[in-house]
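Trainee: Using our numbering, read the sequence shown as starting at 152 and increasing by one per residue. For each residue, glycine too, the CB sits at the ideal point set by N, CA and C.
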Amino acid sequence: MATPLSYSMTDRFDVVIAGAGPAGAQCARDVAARDYDVLVLETEPEDEFPRQSNKSTAGTFPTTMSAFGIPDEVVMNFTDKVVLESPNNHFVRDQAGAVLEFADFKRWLVAEGRAAGAEYRFDARATAPITEGEKAVGVRYNGDEEVYADVVIDATGPSAPLASEMAVTDLQRERQAIGIEYEFEDVDVDHADYADLTDAMMLRLDHDLAPGGYSWIFHTGEDTAKVGLCYIQNDHHRRYARSDTTIDDYLDEWVASDPRLQGATKLASKQHRGSAHIQQPGSLSTGGFMAIGDTVPTVDPLWGEGIDKCMRSGRAAATTVDGALTPSRPDTSAEQMATYDSLWHDQVAPKAKTRLLMTELLYLAPNERYDQLMADLRSVGENTLARANDGDKRAISKLLHLSDLPLLATFARKRLLG
Numbered sequence: 152m153a154t155p156l157s158y159s160m161t162d163r164f165d166v167v168i169a170g171a172g173p174a175g176a177q178c179a180r181d182v183a184a185r186d187y188d189v190l191v192l193e194t195e196p197e198d199e200f201p202r203q204s205n206k207s208t209a210g211t212f213p214t215t216m217s218a219f220g221i222p223d224e225v226v227m228n229f230t231d232k233v234v235l236e237s238p239n240n241h242f243v244r245d246q247a248g249a250v251l252e253f254a255d256f257k258r259w260l261v262a263e264g265r266a267a268g269a270e271y272r273f274d275a276r277a278t279a280p281i282t283e284g285e286k287a288v289g290v291r292y293n294g295d296e297e298v299y300a301d302v303v304i305d306a307t308g309p310s311a312p313l314a315s316e317m318a319v320t321d322l323q324r325e326r327q328a329i330g331i332e333y334e335f336e337d338v339d340v341d342h343a344d345y346a347d348l349t350d351a352m353m354l355r356l357d358h359d360l361a362p363g364g365y366s367w368i369f370h371t372g373e374d375t376a377k378v379g380l381c382y383i384q385n386d387h388h389r390r391y392a393r394s395d396t397t398i399d400d401y402l403d404e405w406v407a408s409d410p411r412l413q414g415a416t417k418l419a420s421k422q423h424r425g426s427a428h429i430q431q432p433g434s435l436s437t438g439g440f441m442a443i444g445d446t447v448p449t450v451d452p453l454w455g456e457g458i459d460k461c462m463r464s465g466r467a468a469a470t471t472v473d474g475a476l477t478p479s480r481p482d483t484s485a486e487q488m489a490t491y492d493s494l495w496h497d498q499v500a501p502k503a504k505t506r507l508l509m510t511e512l513l514y515l516a517p518n519e520r521y522d523q524l525m526a527d528l529r530s531v532g533e534n535t536l537a538r539a540n541d542g543d544k545r546a547i548s549k550l551l552h553l554s555d556l557p558l559l560a561t562f563a564r565k566r567l568l569g
């Protein structure tokens, strides 16, 4: 256990984490396993956790399941393929995966952290960092309550109350993606007019359904599925959106018009809402402080897979804590904490800039281009898709056509003017 820094407070820990989502809870789990004193502050009451924060579609893949020891008990359905749809075409990729019961998954992470020695305080809303000079030394929560630590971590997501005051994040409203999802039963997952979605995670690119974004159906077993859509509230959305139409309206219209969903029934209390930012991050840390999970924009152009990115950022932060607090005299300087920035760019979101550009191009393209993209994916093969999603410029180039020049020009103009 680390030797405390020079100041001494009655309520203090080695690490304080605000937020018990996948990033915060995984970080607490890893930090506690290294025998540090860690406290997690979570806004929700424990008997309702997670209710307001139950926001993820929770699709993931075997690499994540094995890397973090996620048990089968929190899986709703194991999948064996990913389907990409456009208005008039589709592409099927064989890919093992799993759709998690997100609430069970989050409760499991909390239990794992507690078993390792982490302390949780529920009904504890973090409101501001406590600082000495430019270094974070604690957290103020529930109005006037205070707790002190050698390292403070903001894992609260887009609200980012600590990171914003520490000038570590600059989340832009025009880069915010919002999403809504319901769980349904009586879904026709194997409709004759569409690709078979049995044991599949399906993403659909269609501006009529999700202008400037995408929609999805994730099979959760038998005739049940998670059904939702999201879009970024920017020029891409406004270009295709209809005025006075809300995200709820778009989802209702899709459910009413898609033959697979017309006979489906929404499951009571199974609505999820959420948001995330799609933008290039700035700094990720400063003295005694790190921002993790959705507090920092992370992007996966096609699969989303926010759980994996959040947990990897939590693990990178735990590694940084260990390096900062292991010496006999801990070093939580901005220079030392910048280890996290390096790990984030190397392990959490490599080639983030290229992948972000691909995402923006994807959402700017018209529906006809999505139809062509499905045909292109079938001709170039699955490996090209995987490499393009990882930010490989050569793979991305294979998916571009001369006819894309006007689109690229529009994109370049927006970048220059924005």
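1) Just how far apart, CA to CA, sit E404 and G379?
2) With G465 and I443 assumed to form a contact (beta carbons below 8 angstroms), what rounded beta-carbon distance in angstroms separates them?
3) Which word fits D357, buried or exposed, when buried means at least 16 other C-beta atoms lie within 10 angstroms of its C-beta?
4) How many angstroms separate the CA atom of G330 from the CA atom of R202?
5) Restricting to Cα atoms, I'd like to know which of A392, G364, A314 and A475 is closest to D445.
6) Which residue marks the beginning of the alpha helix (DSSP H) containing Q297, and which one marks its end?
7) Which runs of the alpha helix (DSSP H) fall wholly inside the segment 228 to 279 and span at least 4 residues, in chain order?
8) Check whether the segment 476 to 488 and the segment 190 to 197 touch, using three or more Cβ-Cβ pairs below 8 angstroms as the test.
9) Just how far apart, CA to CA, sit V166 and A539?
10) May I ask you to verify whether the segment 292 to 309 touches the segment 332 to 344, counting CB pairs closer than 8 angstroms and requiring at least 3?
11) Contact check, L550 vs L524 under 8 angstroms by CB: the rounded distance?
12) May I ask you to verify whether the segment 169 to 181 touches the segment 261 to 278, counting CB pairs closer than 8 angstroms and requiring at least 3?
13) Return helix, strand or coil for Y365, following the three-state DSSP convention.
14) So M353 is in the beta strand (DSSP E); what residue range does that whole segment cover?
15) To the nearest angstrom, how far is it from the Cα of R424 to the Cα of K417?
16) Closer than 6 angstroms by C-beta to E270: which residues in its own chain qualify, once you throw out the five before and the five after it? Chain order, please.
17) Relative to the ligand SAM, is the shortest distance from any of its heavy atoms to the C-beta of A300 smaller than 7 angstroms?
18) T490 to P481, Cα distance in whole Å?
19) Would K257 and A176 qualify as a contact pair, given that the criterion is a beta-carbon distance under 8 angstroms?
20) Ordered along the chain, which non-local residues of its own chain (more than five positions away) have a Cβ less than 6 angstroms from that of W259?
21) Which runs of the alpha helix (DSSP H) fall wholly inside the segment 370 to 435 and span at least 4 residues, in chain order?
22) Out of curiosity, what's the CA-to-CA distance linking K377 and T371?
23) Go to M441, then tell me how far its beta strand (DSSP E) extends in each direction, as first and last residue.
24) Between which two residues does the beta strand (DSSP E) harbouring K460 extend?
25) Does the Cβ-Cβ distance between F212 and Q246 come in under 8 angstroms?
26) Mapping DSSP to helix, strand and coil, what is A174?
27) Which of the three DSSP states is assigned to L192 in this structure?
28) Given that a residue counts as buried once 16 or more other Cβ atoms are within 10 Å of its Cβ, and exposed if not, what is E197?
29) Taking buried to mean at least 16 other C-beta atoms within 10 Å of its own C-beta, is F164 buried or exposed?
30) Can you tell me whether DSSP reads V499 as helix, strand or coil?
31) Mapping the DSSP letters down to three states, classify V182 as helix, strand or coil.
32) Can you have a look at D409 and say buried or exposed, based on whether 16 or more other CB atoms are within 10 angstroms of its CB?
33) Alpha carbons only, please: which of P238, T214, G210 and H241 is nearest the one belonging to M227?
34) Mark E236 as exposed unless 16 or more other C-beta atoms lie within 10 angstroms of its C-beta, in which case mark it buried.
35) Applying the 10 Å Cβ sphere with the 16-neighbour rule, what's the burial state of D162?
36) Answer yes or no: do D339 and T349 have a C-beta to C-beta separation smaller than 8 angstroms?
Mentor: Answer, in terms of the structure:
1) Taking the sequence shown and counting its residues from 1, the one referred to as residue 404 is at position 253. Taking the sequence shown and counting its residues from 1, the one referred to as residue 379 is at position 228. In a straight line, the C-alpha of E404 is about 12 angstroms away from that of G379.
2) Stepping through the sequence shown from its first residue, residue 465 is reached at position 314. Stepping through the sequence shown from its first residue, residue 443 is reached at position 292. Confirmed, about 5 angstroms.
3) Within the sequence shown, numbered from 1, the residue matching residue 357 stands at position 206. Counting Cβ neighbours within 10 Å, D357 comes out buried, since at least 16 surround it.
4) Counting from 1 along the sequence shown, the entry for residue 330 is found at position 179. Counting from 1 along the sequence shown, the entry for residue 202 is found at position 51. When rounded, the distance between both Cα atoms is 16 angstroms.
5) Within the sequence shown, residue 445 is the residue found at index 294, counting from 1. Here the closest residue by C-alpha is A314.
6) Walking along the sequence shown from the start, residue 297 turns up at place 146. The sequence shown places Glu at residue 297, rather than the Gln named in the question. No alpha helix (DSSP H) holds E297; the beta strand (DSSP E) holding it covers E296 to D305.
7) Runs found: 253 to 267.
8) Counting Cβ pairs under 8 angstroms, fewer than three are found: no touch.
9) Walking along the sequence shown from the start, residue 166 turns up at place 15. Walking along the sequence shown from the start, residue 539 turns up at place 388. Taking the straight line from one Cα to the other gives about 38 angstroms.
10) no
11) In the sequence shown, residue 550 corresponds to position 399, counting from 1. In the sequence shown, residue 524 corresponds to position 373, counting from 1. Correct: roughly 7 angstroms between the Cβ atoms.
12) yes
13) In the sequence shown, residue 365 corresponds to position 214, counting from 1. Residue state, collapsed to three classes: strand.
14) Counted from its first residue, the sequence shown places residue 353 at position 202. Counting along the chain, the beta strand (DSSP E) containing M353 begins and ends at A351 to R355.
15) For the purposes of this step, residue 424 is identified with residue 273 of the sequence shown, where counting begins at 1. For the purposes of this step, residue 417 is identified with residue 266 of the sequence shown, where counting begins at 1. Between R424 and K417, the C-alpha separation is close to 15 angstroms.
16) To locate residue 270, count along the sequence shown from 1; it is residue 119. For E270, the CB contacts under 6 angstroms within the same chain, skipping 5 residues up- and downstream, are L190 in chain order.
17) This structure lacks the ligand SAM, and indeed carries no ligand of any kind.
18) As a first step, residue 490 is located in the sequence shown; it is residue number 339 there, counting from the start. As a first step, residue 481 is located in the sequence shown; it is residue number 330 there, counting from the start. Their backbone Cα atoms lie some 14 angstroms apart in a straight line.
19) On the sequence shown, residue 257 is found 106 positions in, with the first residue counted as 1. On the sequence shown, residue 176 is found 25 positions in, with the first residue counted as 1. Contact: yes.
20) Taking the sequence shown and counting its residues from 1, one reaches residue 259 at position 108. Only V225 meet the Cβ criterion.
21) 386 to 391 and 398 to 408
22) Numbered from 1 along the sequence shown, position 226 holds the residue referred to as residue 377. Numbered from 1 along the sequence shown, position 220 holds the residue referred to as residue 371. Answer to the nearest angstrom: the Cα atoms are 7 angstroms apart.
23) Stepping through the sequence shown from its first residue, residue 441 is reached at position 290. M441 -> beta strand (DSSP E) spans F440 to A442.
24) Stepping through the sequence shown from its first residue, residue 460 is reached at position 309. Segment G457 to L476 is the alpha helix (DSSP H) holding K460; no beta strand (DSSP E) there.
25) The residue given as residue 212 occupies position 61 in the sequence shown. The residue given as residue 246 occupies position 95 in the sequence shown. Less than 8 angstroms separates the beta-carbon of F212 from that of Q246.
26) The sequence position of residue 174 within the sequence shown is 23, counting from 1. Three-state DSSP puts A174 in a helix.
27) Position 41 of the sequence shown, counted from the first residue, corresponds to residue 192. Note: L192 maps to strand in three-state DSSP.
28) Within the sequence shown, residue 197 is the residue found at index 46, counting from 1. Burial call: exposed.
29) On the sequence shown, residue 164 is found 13 positions in, with the first residue counted as 1. Buried, since its Cβ has 16 or more Cβ neighbours within 10 Å.
30) Looking up residue 499 in the sequence shown gives position 348. V499: helix per DSSP, three-state reduction.
31) Walking along the sequence shown from the start, residue 182 turns up at place 31. Helix.
32) Taking the sequence shown and counting its residues from 1, the one referred to as residue 409 is at position 258. Buried, since its Cβ has 16 or more Cβ neighbours within 10 Å.
33) For the purposes of this step, residue 227 is identified with residue 76 of the sequence shown, where counting begins at 1. Answer by Cα proximity: G210.
34) Locating residue 236 in the sequence shown gives position 85, counting from the first residue. Residue environment for E236: buried (at least 16 other C-beta atoms within 10 angstroms of its C-beta).
35) Taking the sequence shown and counting its residues from 1, one reaches residue 162 at position 11. D162 comes out exposed.
36) Taking the first residue of the sequence shown as 1, we reach residue 339 at position 188. Taking the first residue of the sequence shown as 1, we reach residue 349 at position 198. Their beta carbons are not under 8 angstroms apart, which means D339 does not touch T349 by this criterion.
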